[in-house]
Amino acid sequence: MSVVSKYFFVTSLTVMTAFSPASLAQENIFDRLIEQGDKELAEMTAKAQAGDLDAQVYLGDYYGKNAFLDQDWVESTKWYRRAAEQGHLDSQIYLAGLYAGGKQVPPLIQEQIPPDINESLKWVRRAAEQDHTPSQVFLGETYAQGIHVEQDYYESTYWFRKAAKLGDAAGESYLGIAYAVGQGVEKNEQEAHKWILSGASKGNKVAQFNMGSFYAQGIVVEQSYEEAIKWFRLAAEGDNGDASARYAIGRMYELGQGVEKDDYMAARWYIWAAYENKHGAAAYNLAVLYEKGRGIEKDIIKAHAWYGLARKYGVAEAEAQRDRLEVMLTPEEIENSVAHAKMCDSSWGCDL
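With numbering that gives the first Met the number 0 applied, the sequence shown covers 0 to 351.
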């Protein structure tokens, strides 16, 4: 059985977190406003109306951030838009995030500026056209997955390639993925390896995981579980560690591939992926270890809890396993299982 299915490549789209609203001013305007009053505001307004870019950005920030007035996000957005239309990159990025809405935009702002995904994508594209690589990668992901646009692998690859050629690690990783699976380009494992290795060498977690997959499966490179787990560890480490890499390491410990077989260590990696990343297969495999008492103390209550979480995280077959165990449990034990699942599905902390 292979460690991972061939290429866990395109990951889910992260919704606009790179474009959350932030102050664009490079200086503190508030002390100066107190000292100079409305005179400066009038002068800046006149300049902005005449097309002065710096004045437009100033007014955008003033109406959105001035603590001494009721914030006027309509007026603020009007001036950011004027600046963005002149090519001001930060304003374009700002508007992309503002119109994306979501949790990163406070409800008070959304009351004045309702989300508009088409408007958001318009400004993402304008920023991408100015070689803003996060915007290019975002567009690539958007077209690859057909999020709010018609799925188009050729358009997706176009944007990934632009970001990759500018040295963006995520762009390199995704371009490599496109070559690996033949999406938007002719399949080419050598090109895939080249771009993914470049992204991985720059610390991109998805690329590092895919380098591990190359070695685990012997794609382009000579198969080596030892090399595979080195790359998986790089991808897995840190607060933003890759979920699939954490699961893959657990699987390798369980199978004894590249490391000495160790069910306890497998459980440790599974619970990391399941708790922090909500990885369904990791939760399922952890439930199996609890049920069978392999590497960890046998615990049917925890097995029941983790089968339930695995189902919640997308593993359909976990439901039958949970129901199978449930008939063996007393009502009190079921309550304990539910409490354990609630704890491990929260930010409260969870351990073996």
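Beta carbons: idealized from backbone N, C-alpha and C, even for Gly.
Owing to the predicted nature of the structure, the values given are computational and were not obtained by experimental measurement.
Supposed close pair residue i, residue j - CB separation, criterion 8 Å
i: residue 138; j: residue 158; result: 4 Å
i: residue 300; j: residue 345; result: Contact flag wrong, Cβ pair sits at about 18 Å.
i: residue 292; j: residue 340; result: Residue 292 to residue 340, Cβ: 19 Å. No contact.
i: residue 198; j: residue 168; result: 4 Å
i: residue 58; j: residue 47; result: 5 Å
i: residue 147; j: residue 116; result: 5 Å
i: residue 206; j: residue 171; result: 7 Å
i: residue 286; j: residue 268; result: Not quite, the Cβ-Cβ distance comes to about 15 Å (not below 8 Å), so this is no contact.
i: residue 328; j: residue 270; result: That belief does not hold up - the Cβ atoms of residue 328 and residue 270 are roughly 21 Å apart, past 8 Å.
i: residue 280; j: residue 290; result: Between residue 290 and residue 280 the Cβ distance is about 16 Å, and since that is not below 8 Å, they are no contact.
i: residue 90; j: residue 56; result: 6 Å
Contact set for residue i: own chain, Cβ-Cβ below 8 Å, skip 5 residues either direction
i: residue 88; result: 126, 129 and 131
i: residue 52; result: 82, 85 and 87
i: residue 186; result: 178, 179 and 180
i: residue 294; result: 261, 262, 263, 264, 265, 266 and 288
i: residue 26; result: In this predicted model, residue 26 has a pLDDT of only 45, less than 50, meaning its place in the structure is not dependable enough to derive any value.
i: residue 98; result: 112, 114, 115, 116, 118, 119 and 122
i: residue 297; result: 289, 290 and 291
i: residue 94; result: 76, 79, 80, 83, 118, 119 and 122
6 Å CB neighbourhood of residue i in its chain, flanking five on each side removed
i: residue 334; result: none
i: residue 278; result: 242, 246 and 272
i: residue 76; result: 112
i: residue 156; result: 177, 183 and 184
i: residue 174; result: 159, 160, 163 and 194
i: residue 134; result: 123, 126 and 127
i: residue 62; result: 71, 74 and 75
i: residue 204; result: 234 and 241
i: residue 284; result: 269
i: residue 211; result: 227, 230 and 231
i: residue 209; result: 195
i: residue 318; result: 310
Element boundaries [alpha helix (DSSP H), containing residue i]
i: residue 132; result: 132-144
i: residue 345; result: Element bounds for residue 345: n/a, residue is neither H nor E.
i: residue 44; result: 37-48
i: residue 102; result: It is not in any alpha helix (DSSP H) - residue 102 carries neither H nor E in the DSSP assignment.
i: residue 121; result: 116-128
i: residue 248; result: 242-254
i: residue 197; result: 188-200
i: residue 52; result: 52-64
i: residue 315; result: First-last for residue 315: undefined, no H or E at that position.
i: residue 156; result: 152-164
i: residue 264; result: 262-276
i: residue 76; result: 72-84
i: residue 233; result: 224-235
i: residue 284; result: 279-291
i: residue 203; result: Premise fails: residue 203 is in no alpha helix (DSSP H) and is neither H nor E.
i: residue 170; result: 168-180
Sequence-distant residues of its chain with Cβ nearer than 7 Å to residue i (five each side left out)
i: residue 153; result: 183
i: residue 214; result: 220, 222, 223, 226, 227 and 230
i: residue 100; result: 109 and 114
i: residue 321; result: 303, 306, 307 and 310
i: residue 238; result: none
i: residue 188; result: 179, 218 and 219
i: residue 274; result: 343 and 349
i: residue 325; result: 303 and 333
i: residue 276; result: 242 and 245
i: residue 151; result: 142
i: residue 201; result: 168
Neighbour flag for residue i against chain B, beta carbons, 8 Å
i: residue 100; result: Although the question refers to chain B, the structure presented lacks it and comprises just one protein chain.
Counting Cβ pairs, one atom from each stretch, are 3 or more of them under 8 Å apart for the segment 241-257 and the segment 311-327? no
Report yes or no: do the segment 252-266 and the segment 224-231 share at least 3 C-beta pairs separated by less than 8 Å? Yes, the segment 252-266 touches the segment 224-231.
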